[in-house]
Structure formats: structure tokens, C-alpha cells
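Numbering (my numbering), first residue to last: 44 to 565. A short write-up of the structure that comes next.
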């Protein structure tokens, strides 16, 4: 449920009176974090890192004063908080907002001394307003609409689960809330009640019938629920990577199908996706499928897609996500004549504007997308200047703040991907130098190439580190050893390196290869 909002005047924020902060453990990942994103990505470079951090602090202070509301106490007398729908309907709260709030407050810990109290209160409010279908999930709006029922929406619970995992990494589980236990319960509900058992796609909510019937079913997702980064994190956090990898693969298949067949020039995705008649091929939903005439267009749901897909590319260095979001980024730069002020409020999938006004909701997520295209540095800088001080209403401001956290290098993963050893390294002997090649593994940011004159060597103890090769979102990696003397025998090992700088086991320890080389041989 999205309200179109075009702002002209910015209201003055009114601070909310809240209970005194409860002392707790210091955050383990205090703001600012200055995360190292994937090689080949960019950030705004016309402002210093200190200025970028201050921009986030200022926007957060405004957001908190406008939308974070004390909501009394629960049955145990513990304080609750909710995210208000803003000027549009200040007494209304949606689960989406609770999820946004939990992610934001967890990341802002270290700047805001009350961050943990706010996050705990947001979660208590969610638990106090469960869905009637699966009570482990939150009802999507408070107060509920008696005409539509009290059930869940996928995105709110998804962000709340990510927020709980952030809280676990930030403060541990020894306080008033066992964050990991709560996250495990919530993720079990998401898996059981909102992931298609056959499609492996996120469903619109727990009210959707799992079958293949007419209308809303397991094959009719909302593209803004394609939270690939969340899915990977959940797999690592729960140890259920096999399941969540299936979800990633199903989502990638839908994105690739839409981009190939319906938006080859723009890369844009529709708000809602259905199946072609008689097939399982994805296609844009018809008008008025669920919300309105633009349900098959890039509108007020899909406008979040460059932020979601871009965040996965930046944090997990996944080549598929890079390719998908770069299509969107390159198109928006070209279609706006290198001027982000020309971004409009919605488009058909072939790039025709459907709205004739500017709003930060559509602009800010494209900023995250453009971070994957280094050739558009000036465009990113100009886009950033358009949004970092602009305030509209709840939806626009929340998405902008989350996008700013990414654009400034302050959005992080509570369960960073492990370093993964290449498993398909090949070697060839052209006339000039030994040539090593291997497939990139999602999560690795770079690869160490080691060499020794003895087999079964242990990098770091023996052998020589030839180079650490960055992995700029490409599917295929390679390295030429131009330093090996003629007629020398050499053995090689390749190790993946992840964001924390951890190195994987070596490729030849998995039995991939052990080679003796004679450079210059035919």
C-alpha cells in the first residue's frame, strides 16, 4: 500500500519524548563502519568520509524525530516503539516501517545511545501485533483494515529478521531480547509461510495460497521483495544455505527472464510479476493486479529494486547481481542525459515515464545502483547532492536513509560471506607466461595467487605470494605469472579472500590441480 507524495515544503521536526535509555553493552560495530565494498564499486567522492558520515547523522536525527514514535508498553510493562506513516497518516504503522526502523537503529548504534532501546521497542511492537494467519509474523498494518483481514507482508518481516541479526552482531544475546533466537523463529516462519514450496520465490504474504491457482499464488512475487543480500545472510546465519541458495537462484531466474524479454533496454522490473499463460515464464502483472494501474510498471514498489540488488552486489560481490543492477544504472544515466534531476516518478518497462515529477523515493535507490558503475562517478555525486538533505514523507525518507547508509559505506552484513576456495582452476602455457583461470565465487573480494618450487606447500609458511587479484564483480578470474624464470618447475595455489580479510583454504588442497610448468613450451 503506497501513497504517492510530492513534497513542496519540509515540515519542522518535533522531537519525541521517550523513556530514558537503559544502559547496555557497547555496540560491536558502532557507526560509522566504512565498509569496504566490492572491487570496482564507487562512493560519492566529492565529499570527505567525515562529511558523508555527518550527512547520515543529520538525516537520521530528522528521521527519528519525525517517524519514530513511543507506543506505550506491552503486557509486560516494557516500552514499545513504532514507525509512523508520517504526514500521510500519522496514526498508522506498517510492518515495512518496523523493519526499516530495526535495520536503521541497529546500524546507528554507537552514534545514538538509545539505539538498542529503540530496536527492542520496535520488535516488541511487532510481536504485540501478530498476523492472524501465522502469528510468528507481524500483521502488515496497524490498525488492521477489517475489510481486508490481518495478515503479513513479506518485506516487513524480512527486514525485521535482518534487523534482529544486526542486533545479535551488535550487542549479543544477553540482554532483554535473545536476538538470535527471535531471528531463528522469525526466519522459520518466513520460510514456512511466505516462500513458495515449489517456486522458491518470496510470496506477497502469509495469506497467499501456495498452489498454482488463479490470482495470487507462489508464482506471483513483488519484485521489491527480491532481497538477495538478506537471503544469503539468512543462509549463513541459520546454516540453511542450501535452502536460501534455492531462493536466490529462483529470484535470479525471474529477474533475468524479465530483463531479457520485457526490459532488454532498461533492465527495469515491474512492481508485480505473474506467469505467462500455460508456462512458468515470468511476465509483468496486468494493471490492477493488486494495487493499481501501474502494477506491471516500474512503480512505487519496484523503485526499491536498484537499492536491494545493488546492496547485494556491493556486499557479496555477486557477478549476477552486478550485471542485473548495472543494466538499470547504465540506462538511467543515459535516459536522463547525465542529469539525475531528470529522474521521474515511475516508468514503463521500456523506459517511458509514468510520473512527471521528482521524488527522492525513485532517485535514492538509483544512487546505490550507480555505485556499481565507476564510469558514472559524477552522476553519483550529483545524485547524492539531490537527496542527502531532502525530506518528504515516511516512505520516501526511510528509503532515502537506507540508501544513504549504503552510499556512504555504512551498511554492513552481520554474517559476512566466508572466503571460498576456487574449485575449477585451470592452467595453460602460452609462450609468454603461465596463465591461470578460475571462476569467481560470490563473497570473495580478491584472490591470492601463491607459487612454490615444491608441491603441497603451505602458503604463509612456504611459497611466494605473487599477487592479490581484485575481483570486480566479474564471473571469470585470471592471472599471468610473468615472473617465473624459464625452465623452472612451479606449483600454484589460489586462495579466495573475503571482506574481513580471511583467506580460504587453497585450491590445490581440494585436489584441483598440481602442475609442473615449463614456460615457453608449445
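The C-beta atom is built at its ideal place from N, Cα and C for all residues, glycine as well.
Q | Every unbroken beta strand (DSSP E) within the segment 118-181, with a cutoff of 3 residues, ordered by chain | A | 122-126
Q: Out of 198, 132, 205, state which residue places its alpha-carbon closest to the alpha-carbon of residue 162.
A: 205
Q: Going by CA-CA distance only, name the one from 453, 439, 368, 430 that's closest to residue 413.
A: 368
**Q.** Inter-residue CB distance, residue 102 and residue 438 (contact presumed, cutoff 8 Å)
**A.** Not quite, the Cβ-Cβ distance comes to about 15 Å (not below 8 Å), so this is no contact.
Q. What are the boundary residues of the beta strand (DSSP E) that includes residue 536?
A. 534-540
Q: Can you tell me which of the three DSSP states residue 315 falls into?
A: The DSSP-derived three-state label of residue 315 is strand.
**Q.** Beta-carbon proximity of residue 411 to residue 449, cut-off 8 Å
**A.** yes
**Q.** Distance, residue 426 Cα to residue 87 Cα
**A.** 9 Å
Q: State yes or no: is the C-beta of residue 98 within less than 8 Å of the C-beta of residue 451?
A: Contact flag set, yes.
Q. In whole angstroms, what is the alpha-carbon distance linking residue 81 and residue 74?
A. 20 Å
(Q) Is it buried or exposed, residue 499, if we count other Cβ atoms within 10 angstroms and call 16 or more buried? (A) exposed
Q: Below 8 Å on the Cβ atoms is my guess for residue 183 versus residue 194; work out the distance and round it to an integer in Å.
A: 7 Å
Q. Which first and last residues belong to the alpha helix (DSSP H) in which residue 272 is found?
A. For residue 272, the enclosing alpha helix (DSSP H) stretches over residues 271-281.
(Q) Within a Cβ cutoff of 7 Å, which residues of the same chain sit near residue 171, ignoring the five residues on either side of it in sequence? (A) Around residue 171: 117, 123.
Q) In whole angstroms, what separates the C-alpha of residue 340 from that of residue 424? A) 28 Å
Q. Run through DSSP, which three-state label would residue 511 get?
A. The answer is strand: DSSP assigns residue 511 an E or B state.
Q: Name the one or two DSSP bridge partners that residue 482 has.
A: 519
(Q) For a test of the three-state rule: what should DSSP assign to residue 497, helix, strand or coil? (A) coil
Q. What separation, rounded to the nearest whole angstrom, lies between the Cα atoms of residue 235 and residue 222?
A. Distance from the CA of residue 235 to the CA of residue 222, rounded to the nearest whole angstrom, comes to 20 Å.
Q.
Could you tell me the alpha carbon to alpha carbon distance between residue 529 and residue 358, rounded to whole angstroms?
A. Residue 529 and residue 358 have their C-alpha atoms spaced approximately 41 Å apart.
Q: Give every residue of the same chain whose Cβ lies closer than 7 Å to the Cβ of residue 323, excluding the five residues on either side of it in the sequence, and list them in chain order.
A: 262
Q) From 492, 241, 310, pick the residue whose C-alpha is nearest to that of residue 376; which is it? A) 310
Q: Would you mind working out which of 336, 392, 313, 139 sits nearest residue 248, comparing C-alpha positions?
A: Among 336, 392, 313, 139, the Cα nearest to that of residue 248 belongs to 139.
Q. With a cut-off of 8 Å, do at least 3 Cβ pairs link the segment 534-546 to the segment 452-469?
A. They touch, by the three-pair rule.
Q.
Nearest by alpha-carbon distance to residue 470: which of 203, 383, 536, 512 is it?
A. 536
Q | Through-space distance from residue 511 to residue 131, alpha-carbon basis | A | 52 Å
Q) Does the beta carbon of residue 516 sit closer than 8 Å to a beta carbon anywhere in chain C? A) In the structure shown, chain C cannot be found, because there is only a single protein chain.
Q | Member of 490, 534, 496 whose CA lies at the smallest distance from the CA of residue 517 | A | Cα-wise, what sits closest to residue 517 is 490.
Q) Between the beta-carbon of residue 181 and the beta-carbon of residue 200, is there less than 8 Å? A) yes
Q.
Assuming contact is defined by CB atoms lying nearer than 8 Å, are residue 115 and residue 126 in contact in what I supplied?
A. no
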